[in-house]
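In the working numbering, the protein residues as written are 189 to 438. We put the beta carbon where it would ideally sit given N, CA and C, even for glycine. Values in this document were obtained by computation on a predicted structure and should not be read as measured data. Structure first, commentary second.
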Amino acid sequence: MTDTTSYTATTSVAAPDLSGVIDLRSDTVTRPTPSMRRAMAEAVVGDDQYGDDPTVNELEAQAAELMGKEAAVFVPSGTMGNLASLLSRCDRGMEAVVGSECHILWYEMSGASALGGIPLMTVPNDRLGQLDLDRVEQAIRQPGATSPVTGLICVENTHNRCGGTVLSMDYLRQLRELSLRRGVPVHMDGARIFNAAAASHIGSKRGSSTLTSGPVVTFSRRYRPSVFSTLMPRAPSSCARLISSPWNWA
Ligand SMILES: Cc1ncc(COP(=O)(O)O)c(C=O)c1O
């Protein structure tokens, strides 16, 4: 029988007073300011399924404009954005090339495999968070009777487990060239894409112009409204596919 006694709140130990302490565990532990809370509480809302939520519509339009993309779709979290991107690009049994240190591989509950039947083919990340392009090329499957098809190459910018490193424009251009030559789109996990843009002194639009699929951008770093990401798929029709195909969310 389970002993539940240890779970009863019997102690009165006060939580430590952490006011004034800067919590450096992650940039995700920030909290919304009073004015952000007010903006959330007072936001004009509607039924997003009918396209009737003006706040979501505005967010998507702004995100698309910032990234220089045709359209954006609101998703509650970066994890969901990455997963939606994988699901929209890879059918069951198709493979995605990812870095050995990437967030998708380490921290996203194997969602791609569990929900999409998408195995992840890893290529080592170097200390700059890059994937060696020759190795990416080798990781892309040759068409054949017994090989899965490679549906997506994923990069991360800035790179979390590689110490917040930034992918250079030069590297991204070369990756784009490879992507177009081999016909495999590039998805960017841009949980911190604005940090990357600031560090490279380029606009996020220019950076994302190198991508052949959309980036996932999260707004929940530093400005913590708890959930808040957008995904830029190929075109508005892909947004519709993501939302409307229940299979994709099975
Ligand atoms: C690089 C990267 N991608 C994706 C995510 C997932 O974002 P979320 O916590 O909004 O699901 C994180 C979270 O910290 C991250 O660091």
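Item, Value
"Looking at ligand 1, does it come within less than 7 Å of GLY266, judged from the CB to the closest heavy atom?", "yes"
"Once you ignore the five residues that flank VAL317 on each side, which residues in its own chain have a CB closer than 6 Å to its CB?", "Sequence inspection shows Gly at residue 317; the Val mentioned does not correspond to that position. Correct list, in chain order: HIS347, CYS350, THR353."
"Within this structure, are the beta carbons of VAL343 and LEU368 separated by less than 8 Å?", "no"
"I think ASN270 touches GLY287, with their Cβ atoms under 8 Å apart; what is that distance to the nearest whole Å?", "With 8 Å as the limit, ASN270 and GLY287 do not qualify as a contact, their Cβ atoms being about 13 Å apart."
"How about THR398 and ARG370: do their beta carbons lie closer than 8 Å?", "no"
"Name the two residues that bound the continuous alpha helix (DSSP H) containing MET224.", "222-230"
"Over what stretch of residues does the alpha helix (DSSP H) that includes VAL209 continue unbroken?", "Run containing VAL209: none; DSSP gives neither H nor E here."
"Based on Cα-Cα distance, which residue from VAL285, ALA252, LEU308 lies nearest to THR406?", "ALA252"
"Should HIS389 be labelled buried (16 or more other beta-carbon atoms within 10 Å of its own) or exposed?", "exposed"
"Under 8 Å between the Cβ atoms of VAL261 and GLU248?", "yes"
"Whose C-alpha, out of PHE382, MET309, GLY378, VAL324, is nearest the C-alpha of SER273?", "GLY378"
"With a threshold of 8 Å between beta carbons, is ASN313 in contact with chain D?", "Any reference to chain D falls outside this structure, which holds one protein chain only."
"In the DSSP assignment, what residue or residues form a beta bridge with VAL233?", "Answer by DSSP bridge pairing: none, since VAL233 is not bridged."
"With the cut-off set at 8 Å, would you say MET224 and SER396 are in Cβ contact?", "no"
"If distances are taken between C-alpha atoms only, which option among LYS257, VAL217, ILE341, ARG394 comes closest to ASP358?", "ARG394"
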